[in-house]
Amino acid sequence: MRVRAPASIANIGPGFDCLAMAIDLWLEVEAVPADSPAWDYEGEGSEYLVSHVNPFSHLAMKGRVRSEIPIGVGLGSSAAARLAASALASPWDVKSHVIDAGADEGHRDNVAASAAGGIRIVSDHFDEKLPNPGWGLALFIAHAPVPTEKARAVLPDEVSRESAVFNIARTALLVRAITAKRPSLLANALKDRLHQPHRLHLYPWTQEVLYAAEAAGAYGAAICGAGPSVFAFCPPAPARQSPGLARYRQGDVQDAVIVQKYGGTSVGTAARIRRVSRRIAATVRRGEQVVAVVSAMGGTTDRLIALAQSVNVEPPARELDMLIANGETITAPLVAMCLEGMGVPAISLSGLQAGVRTSAHHSRARIRDIDPSRILEALREGKVPVVAGFQGVTENLEVTTLGRGGSDTTAVALAAALKAESCEIYTDVDGIFTADPKVVRSARKLSHIRYDEMLELAAVGARVMHPRAVEIGELYNVPIHVRSSFHDRVGTMIVAQVPMEERQRVRGIAQESNVAKITILGVADRPGVAAAIFEPLGKAGISVDVIVQNIGRSGHTDLTFSVAESDLKAAEKLVRAAIKKVGARKVSSAVGIAKLSIVGTGMLGTPGIAGRMFRALADAGINIEMISTSEIRITCLVARDQVEKGVRVLHKTFELEQK
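In this note's numbering, the protein residues as written are 7 to 665.
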């Protein structure tokens with residue numbers, strides 16, 4: 007058996023719970039009878055369908071459910087699923103299936119439109135189809151699902167007579183506009199006072215989309231169902247461009263551009279590459295232009311480094327970059343091949359081909375510029391560019407790598423260069439948490455976090471995002487969505503400002519375990535000495551974090567600073583070379599140290615935060631070796647074997663499990 011059910015839009019502006027229309031996005035089911043249920047799920051919302059709303063689980067059938075209808079964005083995804091399941095369970099009859107599926111779903115308007123098609127007037131007692139007015143339809147599909155129950159909860163229990171009359175009049179006018187094919191009435195007919203004004207605070211950016219549609223020449227626009235997606239009636243296009251995922255820009259309907267980055271775990275096996283490719287394909291089929299950035303398959307880079315060290319304990323940096331850059335250039339064509347097999351044109355690009363130009367620091371190069379012309383050419387040809395992350399080339403065409411988190415940096419930089427709508431970072435975690443959930447079970451996922459907060463967290467150990475990627479996002483105002491590649495749930499948005507309810511004095515706890523410290527005793531206390539020591543470290547790309555200088559005695563002082571443990575050997579070598587010129591009594595180093603940090607913009611100007619932190623650690627028996635601060639961060643160096651205890655103590659002290 008084969009069943010197809012379309013997406014639908016309820017309300018259509020003022021027609022709250024009584025108007026709906028079917029649209030050209032589909033859920034498709036192929037199944038045969040079986041002794042027990044055995045289902046495979048693909049496409050949009052497949053993980054959600056399995057774990058939350060699964061109307062197929064009771065059917066004794068074996069089959070596949072494939073959906074291109076996004077979940078939780080006002081397009082009737084659950085109505086389509088319940089209708090399809092109802093159709094599989096019993097012979098087809100529109101009326102009975104609308105009654106059965108509508109009772110299960112709770113949105114009879116969506117179900118009626120999905121079952122019978124077209125634009126419909128729906129109530130408990132009748133279902134009438136309106137004539138097709140022949141208009142075009144543009145959709146702005148949001149990437150921030152809002153559960154229907156949440157959208158319902160904000161509606162008032164009672165409305166004024168004035169608002170009721172307003173909506174009755176607009177609904178009548180809308181029916182007149184459709185039946186008489188008079189699009190000039192739509193700007194007024196699509197207005198509403200019963201639901202849209204109460205829901206806009208859940209997705210305030212929607213108002214900008216409504217204004218943009220009107221400015222671009224749409225007949226009229228409104229929120230899709232409970233939101234947050236937006237539809238617009240518009241002049242019919244000369245030719246159908248895509249399944250209706252267009253966006254108004256400067257008077258034309260153009261596809262949105264999204265950069266999607268997939269990390270090593272997400273592409274770690276052939277099965278996971280297929281999963282990632284299905285996600286990319288689903289996004290393309292929704293009408294959006296996608297640029298994919300991929301990391302090396304999980305473990306590949308470490309294996310290549312080990313291979314290099316097996317032939318040379320200290321491999322030359324240039325040759326090592328030439329070697330490990332191959333990890334990403336293997337993944338990119340595999341993803342492109344998989345997309346082609348799914349019927350989605352794609353082309354793999356190396357960092358050089360993608361136009362990524364970098365500094366000449368091997369293994370920790372910085373992106374200097376991006377020439378996106380090759381990527382834009384591929385997009386114009388209708389292809390998905392699959393870019394090898396983590397790598398670029400110098401002005402002399404020497405291959406370089408960007409260091410840890412380099413694929414994140416590639417993705418955000420490309421999003422900036424392409425002026426993309428957003429950059430989606432797909433990883434093996436659900437988003438940004440108040441602490442590492444492996445350490446603190448009660449850690450809470452943040453729906454939003456500011457760029458500056460994320461930058462501080464990333465700089466002191468939160469490994470979900472690399473600091474350089476966040477820096478670029480903030481500089482070019484690129485919205486970054488960090489989310490899991492293994493399901494469709496909303497992750498964390500990294501943005502310039504966060505909603506009021508997300509503002510707390512302390513937003514997160516970070517830890518960094520692989521830390522070392524270097525101590526220089528008896529260094530001369532005179533101008534220029536610190537520069538002589540730290541400038542060579544900077545030129546070598548070695549980051550120095552916590553610095554403590556003791557009060558000088560007899561013209562001498564002691565300096566202690568922290569570096570990444572992986573940089574310790576190189577840093578010691580540079581420091582010993584420097585003190586030969588400036589003089590010092592002794593240089594020593596230590597490992598087994600960790601950084602423990604609290605971060606939050608609410609700390610700025612709030613007295614007592616540091617005292618609470620230090621008291622909590624002291625009461626837990628955790629000794630603080632060094633301290634560093636910024637306006638929104640306090641970092642302590644503690645013993646490595648005590649850092650996880652410290653994270654749990656501080657998470658409880660600042661009540662971060664509470665929203």
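All residues carry an ideal CB built from backbone N, CA and C; glycine is no exception.
- Here DSSP, grouped into helix, strand and coil, assigns serine 491 to coil.
- Taking all protein chains in view, the Cβ of valine 597 is surrounded by fewer than 16 other Cβ atoms within 10 Å, so the residue is classified as exposed.
- Looking at the DSSP output, alanine 16 shares a beta bridge with Ala26.
- Taking C-alpha positions only, leucine 527 is separated from aspartate 564 by approximately 5 Å.
- Its chain contains no residue whose beta carbon lies nearer than 6 Å to that of alanine 178 once the 5 sequence neighbours on both sides are disregarded.
- The DSSP-derived three-state label of phenylalanine 396 is coil.
- In the three-state reduction of the DSSP assignment, isoleucine 628 falls in the coil class, being assigned neither a helical nor a strand state.
- The C-beta distance from alanine 16 to glycine 82 rounds to 7 Å, short enough to fall under 8 Å.
- A residue is called buried once 16 or more other Cβ atoms fall within 10 Å of its Cβ, and isoleucine 500 is buried on that count.
- The secondary-structure analysis by DSSP pairs valine 362 across a beta bridge with Ile376.
- Remark: C-beta atoms of alanine 232 and arginine 158 approach each other more closely than 8 Å.
- Counting only the Cα atoms, cysteine 642 lies some 42 Å from proline 378.
- In this structure, the alpha-carbon of methionine 27 lies about 11 Å from that of glutamate 134.
- The beta-carbon separation of isoleucine 638 and methionine 609, rounded to 6 Å, stays under the 8 Å limit for a contact.
- Nearest in C-alpha terms to alanine 40, of all of Arg10, Ile18, Arg72, Leu94, is Leu94.
- In the same chain as glycine 467, and ignoring 5 residues on each side of it, the C-beta atoms closer than 8 Å to its own belong to Ala516, Gln517, Glu518, Ser519, Lys601, Ser603, in chain order.
- Per DSSP, the continuous alpha helix (DSSP H) segment holding aspartate 458 begins and ends at 457–465.
- As the crow flies, the alpha-carbon of leucine 33 is around 11 Å from that of arginine 70.
- The three-state reading of DSSP puts glutamate 34 in strand, counting E and B together.
- For arginine 126, the three-state secondary structure derived from DSSP is strand.
- The shortest CA-to-CA distance from glycine 398 to any of Lys389, Ala419, Val390 is the one to Ala419.
- A contact is defined here as three or more CB-CB pairs under 8 Å, and the stretch 579–596 meets this definition with respect to the stretch 526–541.
- In this structure, the CA atom of histidine 201 is about 13 Å from the CA atom of tyrosine 209.
- For histidine 657, the uninterrupted alpha helix (DSSP H) run begins and ends at 649–659, by DSSP.
- Scanning its chain for C-beta atoms nearer than 7 Å, with the 5 sequence neighbours on each side dropped, one finds around glycine 395 the residues Lys267, Val299, Val300, Ser301, Glu334, Gly412, Ser413, Thr416, Ala417, in chain order.
- In the structure shown, phenylalanine 62 falls within a coil segment according to DSSP collapsed to helix, strand and coil.
- Between the C-alpha atoms of alanine 121 and glycine 357 there is a straight-line separation of about 48 Å.
- With 16 or more other Cβ atoms from the protein chains shown falling within 10 Å of its own Cβ, glutamate 480 counts as buried.
- In this structure, Val655 is the residue among Val405, Val655, Thr612 with its C-alpha nearest to the C-alpha of alanine 626.
- Inside the stretch 301–358, DSSP marks whole alpha helix (DSSP H) runs of 4 or more residues at positions 306–317, 323–330, 332–347, from first to last along the chain.
- By the Cβ test, the stretch 445–453 is in contact with the stretch 483–503, since at least three Cβ pairs between them sit closer than 8 Å.
- Assigned with DSSP and collapsed to three states, glutamate 134 falls in strand.
- In the three-state DSSP reduction, isoleucine 599 falls in the strand class (E or B).
- Taken in chain order, the whole alpha helix (DSSP H) runs of length 4 or more contained in the stretch 522–557 are 535–545.
- Residue state for serine 92 is assigned as helix, using DSSP reduced to three classes.
- For glutamine 359, same chain residues with a beta-carbon under 7 Å away, outside a window of 5 residues either side, are Arg380 in chain order.
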